[in-house]
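Trainee:
In our numbering, the protein residues as written are 49 to 187.
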């Protein structure tokens, strides 16, 4: 396979550190959320970053599918990704994801077909398939 795009980000300090992309566009402080024992607010965390990446990637895949099929919603589609962190039975952790998708003005059956097609081509969906439970919900 030919790589179409590649980038990198560096983290120092783990969940209580700093994230920087190679081009410097992304530069964020990350902190442990209160729910996991953190004390500071106003910072992002790995789950939020994953949710943002998955939502934007899935919405892009959905828009590609709609464009290929010449389907135009009344308003732009939107995807809200909810990412949960769970402890597993082996003392480790795993993610669960729920994608809430809205395609304004598109009939429910057609919207479901579009979402299923997007789920097949989305790089995040392909990367997580079989590893993370992903729930698809139409709004």
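Every residue gets a Cβ at the ideal spot worked out from N, C-alpha and C, and that includes glycine.
Can the beta-carbon of residue 149 be found closer than 8 Å to that of residue 186?
Mentor: The answer is yes: Cβ separation under 8 Å.
Trainee: Exposed or buried, residue 103, counting other C-beta atoms within 10 Å across all chains shown (16 or more means buried)?
Mentor: By the neighbour-count rule (16 or more Cβ atoms within 10 Å), residue 103 is buried.
Trainee: Can you look up residue 83 in the DSSP assignment and give me helix, strand or coil?
Mentor: Three-state result, residue 83: helix.
Trainee: Which of the three DSSP states, helix, strand or coil, is assigned to residue 98?
Mentor: If DSSP states are grouped into helix, strand and coil, residue 98 belongs with the helices.
Trainee: Which residues does DSSP list as the beta-bridge partners of residue 107?
Mentor: Bridge partners of residue 107: none, in fact.
Trainee: Would you decide whether residue 79 is buried or exposed? Buried here means 16 or more other CB atoms lie within 10 Å of its CB.
Mentor: With 16 or more other Cβ atoms within 10 Å, it is buried.
Trainee: Have a look at residue 126 and residue 146 and give me their C-alpha separation to the nearest angstrom.
Mentor: Rounded to whole angstroms, residue 126 to residue 146 spans 13 Å at the Cα level.
Trainee: For the candidate residues 63, 55 and 84, whose alpha-carbon lies nearest to that of residue 73?
Mentor: Cα-wise, what sits closest to residue 73 is 55.
Trainee: Name the DSSP beta bridge partners of residue 141, please?
Mentor: Looking at the DSSP assignment, residue 141 forms a beta bridge with 135.
Trainee: Taking DSSP as the reference, what is the three-state secondary structure of residue 148?
Mentor: Strand, per DSSP.
Trainee: Relative to the C-alpha of residue 95, which candidate in 134, 160 and 58 has its C-alpha closest?
Mentor: With distances taken between Cα atoms, residue 95 lies closest to 134.
Trainee: On the CB-based measure, 16 or more other CB atoms within 10 Å of its CB, does residue 114 come out buried or exposed?
Mentor: Flag for residue 114 reads buried.
Trainee: Who pairs with residue 161 in a beta bridge, going by DSSP?
Mentor: Paired residues: none, contrary to the question.
Trainee: Could you pull the DSSP bridge partners for residue 50 from this structure?
Mentor: DSSP lists no partner for residue 50.
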